[in-house]
Each structure stands twice: as C-alpha cells, then as structure tokens.
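Enquirer: Pasting a structure here, questions to come.
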Amino acid sequence: NLVGTTIGPYDQAEVESRQDVLVYTSEPLAQSLEVTGPIKVVLYAATSATDTDFTAKLVDVHPDGKAYNLCDGIIRARYRDPAQITLVEPGVCQRYDIDLWVTSNVFLPGHRVRVEISSSNFPRFDRNPNTGEAFGASDKLTSAEQAIYHDAERASHIVLPVIPRE
Numbered sequence: 016n017l018v019g020t021t022i023g024p025y026d027q028a029e030v031e032s033r034q035d036v037l038v039y040t041s042e043p044l045a046q047s048l049e050v051t052g053p054i055k056v057v058l059y060a061a062t063s064a065t066d067t068d069f070t071a072k073l074v075d076v077h078p079d080g081k082a083y084n085l086c087d088g089i090i091r092a093r094y095r096d097p098a099q100i101t102l103v104e105p106g107v108c109q110r111y112d113i114d115l116w117v118t119s120n121v122f123l124p125g126h127r128v129r130v131e132i133s134s135s136n137f138p139r140f141d142r143n144p145n146t147g148e149a150f151g152a153s154d155k156l157t158s159a160e161q162a163i164y165h166d167a168e169r170a171s172h173i174v175l176p177v178i179p180r181e
C-alpha cells in the first residue's frame with residue numbers, strides 16, 4: 016500500500032459510487048480492442064472556482080461488472096495553457112487536455128471501455144484548495160461546482176490510440 020491506496024489495477028466500485036465521480040461506459044465490445052500508446056481526455060468544463068482540478072481515468076470493465084483502472088491523469092485549471100499560467104473565470108467553459116500517459120491494454124470481447132471524470136483523486140494527487148491562492152499560502156479550502164459539456168460545439172471525449180486488428 017502507498018498512502019492507503021492499492022498499487023496497480025483494482026476494482027473501482029467504491030470510487031464510482033461517489034456523487035462527485037462521473038462515469039461514462041461503452042456498450043459491451045463485440046471484438047477485442049487493443050489500445051496502445053498515449054491516452055488523452057479532452058474535457059470542456061466550467062467551474063465556480065478560480066482554480067480547480069479535473070481528473071480522468073481509463074477503466075476496463077469486465078463482464079462480471081468489476082471495473083479495473085488502467086491509467087489516470089489530472090490537470091490543474093490554472094495550467095490548462097502551458098504557455099501562460101492563468102486563473103479561471105468562474106462559470107466560463109474552458110478546454111482542458113488531460114494526459115493519462117501511456118498504456119497498453121486489450122479490451123476483450125464482452126468488456127466495456129469506461130472513463131471516470133472527477134475533480135479530485137486524493138491521495139494519488141494533491142488536493143486543490145479551489146481558491147486560486149498560491150499553494151501553501153493559506154489553509155483555506157473551498158468547494159467547487161463543476162459542469163462538464165458534451166454538446167456539438169464542446170464535445171468532451173477520450174482519444175484512444177487503437178491498434179488495428181490483423
């Protein structure tokens with residue numbers, strides 16, 4: 016155990032039952048799907064805070080319903096543009112590119128592809144106080160309300176590097 020969490024893939028049932036985790040799941044796959052390479056979630060979201068975090072996780076859901084994490088990532092809103100550190104204007108939809116790093120997995124027939132979206136993955140990633148203040152400058156914490164968009168102009172999605180079947 017590392018800081019109270021299990022190392023490697025483990026069933027996400029407890030995490031997915033939380034009110035602050037959005038879960039998007041595909042239909043059962045008819046054939047194998049190999050995903051190998053860098054994974055990215057493009058998220059369109061607005062927040063009530065001046066700074067916040069968005070997290071994403073790629074999950075393999077087995078036919079028995081157990082859901083195993085494969086890879087995850089986080090973006091701090093103020094770092095959404097690597098060229099310029101900028102706090103967020105509350106209520107304004109922004110694009111966030113969340114890097115889930117590199118993985119390789121074959122989703123077998125009958126399995127489902129799942130994506131989890133949240134605003135925290137503590138203790139894996141440090142908490143964001145959602146205040147916009149410099150980190151460590153204050154012990155004040157505040158809640159943030161998040162809105163995720165998936166309409167035609169702001170289609171939040173995951174980018175999967177699919178390896179073609181032979």
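Read left to right, the sequence shown gives residues 16 to 181 (the working numbering). All C-beta atoms in this analysis are idealised placements derived from N, C-alpha and C, irrespective of residue type, glycine included.
#1: Are Ala-82 and Arg-129 closer than 7 Å when you measure CB to CB?
#2: At a threshold of 6 Å, does Val-36 count as lining the ligand MN (C-beta to nearest heavy atom)?
#3: Quick one: using the 10 Å Cβ neighbour count with 16 as the cut-off for buried, is Ala-45 buried or exposed?
#4: Going by DSSP, what residue range makes up the alpha helix (DSSP H) through Val-7?
#5: With 16 other CB atoms within 10 Å as the buried threshold, where does Gly-88 fall?
#6: Just reading off the alpha helix (DSSP H) that Ala-28 is part of, what are its end residues?
#7: Per the contact definition of three or more C-beta pairs closer than 8 Å, is the stretch 116 to 123 in contact with the stretch 62 to 72?
#8: DSSP three-state label for Arg-93, please.
#9: Do Arg-33 and Val-76 come within 7 Å of each other at the CB atom, strictly closer than that value?
#10: Check this for me: beta carbons of Val-50 and Val-174, under 7 Å apart or not?
#11: Sorted by chain position, which residues of the same chain lie with C-beta nearer than 6 Å to Ala-162's C-beta, five sequence neighbours on each side aside?
#12: Can you tell me whether Leu-48 is helix, strand or coil according to DSSP?
Expert: Judging by the given coordinates:
#1: Along the sequence shown, one-based indexing puts residue 82 at 67. Along the sequence shown, one-based indexing puts residue 129 at 114. Note that the C-beta distance between Ala-82 and Arg-129 is below 7 Å.
#2: For the ligand MN, the structure offers nothing, since it holds no ligand at all.
#3: The residue you call residue 45 lines up with position 30 of the sequence shown. Exposed, by the Cβ-count rule.
#4: Residue 7 is absent from the structure shown; the chain starts at 16 and stops at 181.
#5: Within the sequence shown, the letter at position 73 stands for residue 88. Result: buried.
#6: Translated into positions along the sequence shown, residue 28 becomes position 13. Unbroken alpha helix (DSSP H) run through Ala-28: 28 to 31.
#7: Taking a cut-off of 8 Å on C-beta distances, the stretch 62 to 72 does not touch the stretch 116 to 123, as fewer than three cross pairs fall below it.
#8: Walking along the sequence shown from the start, residue 93 turns up at place 78. Arg-93: helix per DSSP, three-state reduction.
#9: Counting from 1 along the sequence shown, the entry for residue 76 is found at position 61. Counting from 1 along the sequence shown, the entry for residue 33 is found at position 18. For Val-76 and Arg-33, no; Cβs fall outside 7 Å.
#10: As a position in the sequence shown, residue 50 is number 35, starting the count at 1. As a position in the sequence shown, residue 174 is number 159, starting the count at 1. Taking 7 Å as the Cβ cut-off, Val-50 and Val-174 do not qualify as a contacting pair.
#11: In the sequence shown, residue 162 corresponds to position 147, counting from 1. Leaving aside the five residues that flank Ala-162 on each side, the residues in its chain whose CB is nearer than 6 Å to its CB run, in chain order, Ala-61.
#12: Locating residue 48 in the sequence shown gives position 33, counting from the first residue. Strand at Leu-48.
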